[in-house]
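Take a look at the structure below.
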């Protein structure tokens, strides 16, 4: 598994970005898959997660604005981010657990200016 995240960039507050993660391998072998954000001085935090049962978990700060999805045909994981805020700035990492082993992508920078 070699996760590759893309789609980050710089946007103004209120804008949208869609992040994509490839290199997941067969999604059917994956357990948890999701996106985390890292900002300076803070621990990496979950922003969207799909559980083995298919439930989608998001923190309150992301609900209604972020939408996580997976494409089993393309073996990709996406994160649609709308109504972006400066607090959403950070490095976004895709994350999966495959056959019991966790994997992290290299991260993609998202910068939201006010």
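Residue numbers (my numbering): 195 to 308. Note that the Cβ used here is the ideal one computed from N, Cα and C, for glycine as well.
- Message: Just to confirm, is the Cβ distance from residue 206 to residue 307 under 7 Å?
- Response: Working through the chain shown from its first residue, we reach residue 206 at position 12. Working through the chain shown from its first residue, we reach residue 307 at position 113. For the pair residue 206 and residue 307, the CB atoms are nearer than the 7 Å cut-off.
- Item | Contact set for residue 292: own chain, Cβ-Cβ below 8 Å, skip 5 residues either direction | Against the chain shown, residue 292 aligns to sequence position 98. The answer, listed in chain order, is 195, 218, 219, 223, 224 and 225.
- Message: My output table needs one value for residue 246: the three-state DSSP class, helix, strand or coil.
- Response: Working through the chain shown from its first residue, we reach residue 246 at position 52. It is coil, neither helix nor strand.
- Query: Going by the beta-carbon positions, is the gap between residue 297 and residue 304 smaller than 7 Å?
  - Reply: Within the chain shown, the letter at position 103 stands for residue 297. Within the chain shown, the letter at position 110 stands for residue 304. Taking 7 Å as the Cβ cut-off, residue 297 and residue 304 do not qualify as a contacting pair.
- Query: Mind checking residue 272: buried by the 16 CB within 10 Å criterion, or exposed?
  - Reply: Against the chain shown, residue 272 aligns to sequence position 78. It counts as buried.
- Task: Using the Cα positions of residue 266 and residue 234, report the straight-line distance between them to the nearest angstrom.
- Result: Walking along the chain shown from the start, residue 266 turns up at place 72. Walking along the chain shown from the start, residue 234 turns up at place 40. Whole-angstrom Cα-Cα distance: 33 Å.
- Query: CB-CB under 6 Å to residue 204, same chain, minus the five flanking residues each way: which ones, in chain order?
  - Reply: Counting from 1 along the chain shown, the entry for residue 204 is found at position 10. If the five residues before and after residue 204 are omitted, its C-beta is found closer than 6 Å to the C-beta atoms of 305, all from its own chain and listed in chain order.
- Query: Any idea which residues DSSP pairs residue 199 with across the strands?
  - Reply: Here the question's residue 199 lines up with position 5 in the chain shown. Answer is 215, bridged to residue 199.
- Item | residue 248 burial status per 10 Å Cβ neighbour count (16 or more: buried) | The sequence position of residue 248 within the chain shown is 54, counting from 1. Looking at its Cβ environment, which holds fewer than 16 other Cβ atoms inside 10 Å, residue 248 is exposed.
- Distance between residue 264 and residue 281 (C-alpha atoms, nearest Å): On the chain shown, residue 281 is found 87 positions in, with the first residue counted as 1. On the chain shown, residue 264 is found 70 positions in, with the first residue counted as 1. Looking at the two C-alpha atoms, the distance is approximately 25 Å.
- When 244, 283 and 300 are compared against residue 236, the one with the closest alpha-carbon: Here residue 236 corresponds to residue number 42 of the chain shown, with the count starting at 1. In terms of Cα proximity to residue 236, the closest of 244, 283 and 300 is 283.
- Task: Using only alpha-carbon positions, find the residue among 300, 269, 262 and 295 that is nearest to residue 211.
- Result: Reading the chain shown from its first residue, position 17 is the one you call residue 211. Closest in alpha carbon position to residue 211, among 300, 269, 262 and 295, is 262.
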